[in-house]
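Position one of the sequence shown corresponds to residue 19 (the numbering used here), numbered consecutively onward. Below: one structure, written as structure tokens.
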Amino acid sequence: MMKLLILFAAQFTFLVSGFISSESDSLFSFSQNDLVSVNQLQPLMVNLTLIHGADSKGAVCLDGTLPGYHLDRGFGSGSTSWLIHLEGGGWCNTIRNCVYRKKTPRGSSMYMENQIPFTGILSNKPEENPDFFNWNRVKLRYCDGASFSGDSENEAAGLQFRGQRIWLAAMEEMMSQGMENAEQALLSGCSAGGLASIIHCDEFQTLLPKPSKVKCFSDAGFFLDALDVSGGRSLRDLFGGVVQLQEVHKNLPKNCLSQLDPTSCFFPQNLVEHVETPLFLLNAAYDVWQVRSSLAPSTADPLGSWNDCKSNHAECNSSQIQFLQDFRNQMLDDVKDFSKSSQTGLFINSCFAHCQSERRELWFADNSPLIDEKPIAVAVGDWFFDREVVKAIDCPYPCDNSCHNLVFK
Ligand SMILES: *[C@@H]1O[C@H](CO)[C@@H](O)[C@H](O)[C@H]1NC(C)=O
Ligand SMILES: *[C@@H]1O[C@H](CO)[C@@H](O)[C@H](O)[C@H]1NC(C)=O
């Protein structure tokens, strides 16, 4: 019995990782063992499909290999509904770290896993994913390093920056796979993919047949242009490098660029007001990626006085908690106008988390995070199907005891 349990637990080990910037602590990765009961169903494994012919449109990964996706067909009442989920995983902002990325699954299909588990919003099981389980569900792999939005190259370094072309080639492929007849569609994504789902939201709506119901959902994609612990703007520096190196400005909304510089237009706080398609923002108020890599990266904290707090929220002292509360307040300020529209949705919980739609225990389970008794999957479903208006904003830390807070080893 014990052996069986351990075996099972090992199969449910998730590795969530991202690679960013040139800082020494930029290799951000963590893993968490999930204790699962023996009777839990094994997740569906879905094969990788490469987009053949994408290279003739110049739609290639950083290293020139074909982009790829995982598709599980919908069934029953979901057979004409489509979920497109954009994979995340940081960005590359210099020649050096883009060259590094070429040798990883985030820069080359040569290194991508052939099969991945479909969990959370991608699950095919109604008890884990009540509203989208029988849709056509697609995970588009991320291998361009600029949230599917760059378009340039660096021949000397052998780098292709073709995120925008990958996005378009993938959408063409999905159309030929049946999305051209979609009656409902949701563009989602997590982290760098959550940012991409905001950037591409209106394009997605334009591609789909009228009068289908089309919405977008960004998970952990609300990256703030915030001051870091030393008063600098670490994330703005990173984003500036990404935008310049990969010529992302070509694909940012013109109505933002007419008011602000391209780097500012890569920040969701300046984008969401221009998105016309209904959009839902899911974010942890103390997004651990942003705490670690935007607020207190080692470059902004050379003495490492944030190291303990960064790896475990319980180790933060009162002034650090205050800093994090100010960050939460900024996030709430930045979504205030967005929240006023009747078609938008919000779920900002006061947890130390990052990406809450991809994992069963965060998305929809007996003990998953709640706001007003509502789990994330139900909030997103209520909003998509217009069952209820969802503007869920949590009370500040530490009031929410439904959180699964990430602790880093
Ligand atoms: C997925 O790929 C494996 C080989 O890696 C193959 O055995 C299996 O038949 C494929 N499944 C589907 C549904 O194509
Ligand atoms: C919290 O920790 C930081 C970094 O070690 C330190 O500078 C600050 O004075 C501490 N604040 C309190 C209230 O202890």
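Positions of the beta carbon are idealized from the N, C-alpha and C atoms, including for glycine.
State buried or exposed for residue i, treating a residue as buried only when at least 16 other CB atoms are found within 10 Å of its CB.
i	result
Gln182	buried
Asp73	buried
Val34	For Val34, the predicted structure reports a pLDDT of 32, less than 50, and the residue's modelled location is therefore unreliable. The matter cannot be settled from this model.
Gly106	buried
Lys354	exposed
Asn269	buried
Arg405	exposed
Met349	buried
Val232	buried
Ser49	Here Ser49 scores only 37 on pLDDT, less than 50, and its place in the model is too uncertain to base an answer on.
Ala410	buried
Asp351	exposed
Asn419	exposed
Gly399	buried
Glu333	exposed
Asn132	exposed
Gln361	exposed
Ser95	exposed
Lys121	exposed
Pro227	exposed
Ser252	buried
Met63	exposed
Asn51	Confidence in Asn51 is poor, its pLDDT being 38 and thus under 50, which makes the residue's placement too unreliable to answer from.
Cys417	exposed
Gln223	buried
Gly176	exposed
Ser206	buried
Thr335	Sequence inspection shows Asn at residue 335; the Thr mentioned does not correspond to that position. Exposed, since its Cβ has fewer than 16 Cβ neighbours within 10 Å.
Ser47	The pLDDT assigned to Ser47 is 36, lower than 50, so where the model puts this residue is not dependable, and the model offers no usable value.
CB of residue i to nearest heavy atom of ligand 2: below 7 Å?
i	result
Asn335	yes
Gln338	yes
Ser323	yes
Cα-Cα, which of the options is closest to residue i?
i	options	result
Leu225	Arg155, Ala77, Glu190 and Arg251	Glu190
Glu291	Pro271, Leu80 and Trp307	Pro271
Thr98	Tyr87, Asp384 and Met192	Met192
Ile389	Trp153, Phe298, Arg378 and Cys369	Cys369
Lys392	Phe365, Leu342, Pro227 and Asp149	Phe365
Gly363	Cys417, Ile339, Gln195 and Asn301	Asn301
Ser236	Gln223, Pro229 and Cys219	Cys219
Leu84	Ala175, Cys110, Glu146 and Phe179	Phe179
Asp255	Ser141, Phe284 and Phe93	Phe284
Glu201	Asn325, Ser357 and Gly92	Gly92
Thr295	Phe136, Ala332, Ser126 and Glu221	Glu221
Pro356	Val117, Ile216, Ser170 and Ser276	According to the sequence provided, residue 356 is Phe. The question's Pro does not apply to it. Nearest option by C-alpha distance: Ile216.
Pro61	Ala175, Asn147 and Asn423	Asn147
Gln195	His103, Gly207, Glu171 and Val156	Val156
Asn154	Glu145, Pro144, Leu140 and Ala164	Leu140
Ser209	Leu177, Leu278 and Leu299	Leu299
Ala371	Asn199, Thr67, Phe426 and Asn288	Phe426
Trp401	Leu253, Leu297, Gln264 and Ser127	Leu297
Asn367	Ser386, Lys358, Arg378 and Arg377	Ser386
Trp109	Gln340, Cys421, Phe345 and Gly259	Gly259
Gly250	Gln223, Leu313 and Val306	Leu313
Gln338	Lys358, Thr317, His70 and Arg310	Arg310
Ile184	Gly71, Leu253, Val408 and Lys228	Gly71
Val459	Val261, Lys228, Ser359 and Asn335	One cannot answer for residue 459 here, as it falls past the ends of the chain, which runs 19 to 427.
Ala397	Asn273, Val261 and Ser375	Ser375
Ile113	Leu104, Gly125 and Ser323	Gly125
Cys373	Leu66, Thr281, His103 and Asp169	His103
Asn199	Leu66, Cys417, Leu263 and Pro229	Pro229
Val261	Pro135, Asn273 and Thr281	Thr281
Compute the beta-carbon to beta-carbon distance between residue i and residue j, rounded to the nearest angstrom, for a pair I have assumed lies under 8 Å.
i	j	result
Ala238	Phe166	Contact doesn't hold; Cβ gap of about 16 Å is too wide.
Leu80	Asp162	6 Å
Leu245	Leu101	That belief does not hold up - the Cβ atoms of Leu245 and Leu101 are roughly 36 Å apart, past 8 Å.
Ala395	Phe403	Their Cβ separation, rounded to whole angstroms, is 12 Å, which puts Ala395 and Phe403 out of contact at 8 Å.
Gly211	Tyr129	About 18 Å; that fails the 8 Å criterion.
Ala174	Ala77	Not confirmed; about 21 Å, so no contact.
Gln343	Pro414	6 Å
Leu321	Gln287	Not quite, the Cβ-Cβ distance comes to about 30 Å (not below 8 Å), so this is no contact.
Phe341	Val247	7 Å
His331	Glu379	Going by Cβ atoms, the distance from His331 to Glu379 rounds to 18 Å, so no, they are not a contact pair.
Environment of ligand 1 in chain order, Cβ to heavy atom below 7 Å: Around ligand 1, the residues selected by a Cβ distance under 7 Å to any of its heavy atoms are Asn65, Asn132 and Gln133, following chain order.
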